[in-house]
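A quick write-up on the structure given underneath.
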Amino acid sequence: MPRSIWKGPFIERSVLKTGKKQHKKTWSRKSVILPQFEGMTFHVHNGKDFVPVLVKEDMIGHKFGEFAQTRKVFTFKKTKKR
């Protein structure tokens with residue numbers, strides 16, 4: 004179920020206090036990306052380390068956590084032919 008419109012988007016205070024800082028570390032994956040963040044780089048925590056996320060126009064309205072994968076992509080290992 005989506006968030007009520009009367010409540011507005013969720014944004015953590017620490018993310019709002021970015022100012023003109025170009026690279027900002029954040030643990031808040033649930034915060035919504037606002038239009039004022041366009042062009043900025045955020046380092047979003049994925050549970051192990053920080054993933055750099057460059058905010059583009061298409062990302063506005065989405066959450067930071069959508070762009071920092073928490074799981075490793077599985078790849079099959081090649082086997083030697085005999």
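In the working numbering, the protein residues as written are 4 to 85.
Idealized CB from N, CA, C, for every residue including glycine.
Closest to residue i by C-alpha separation, out of the options, would be which residue?
i            : options                       : result
aspartate 52 : Met4, Gly42 and Lys75         : Lys75
glutamine 39 : Asn49, Val47, Gly50 and Gly64 : Gly64
valine 54    : Gly68, Met62 and Val35        : Gly68
Need the endpoints of the beta strand (DSSP E) that residue i sits in, please.
i         : result
valine 47 : 44-48
valine 18 : From DSSP, valine 18 is part of no beta strand (DSSP E) but of the alpha helix (DSSP H) over 16-19.
valine 54 : 53-57
lysine 28 : 26-29
Could you round the C-beta distance between residue i and residue j to whole angstroms and report it? I think they count as a contact, below 8 Å.
i          : j            : result
serine 34  : glutamate 15 : 5 Å
glycine 50 : threonine 73 : 5 Å
Should residue i be labelled buried (16 or more other beta-carbon atoms within 10 Å of its own) or exposed?
i                : result
phenylalanine 13 : exposed
### Query
Would you call the region 4-14 and the region 42-52 touching, i.e. three or more CB-CB distances under 8 Å?
The answer is no - the region 42-52 does not touch the region 4-14, with fewer than three Cβ pairs under 8 Å.
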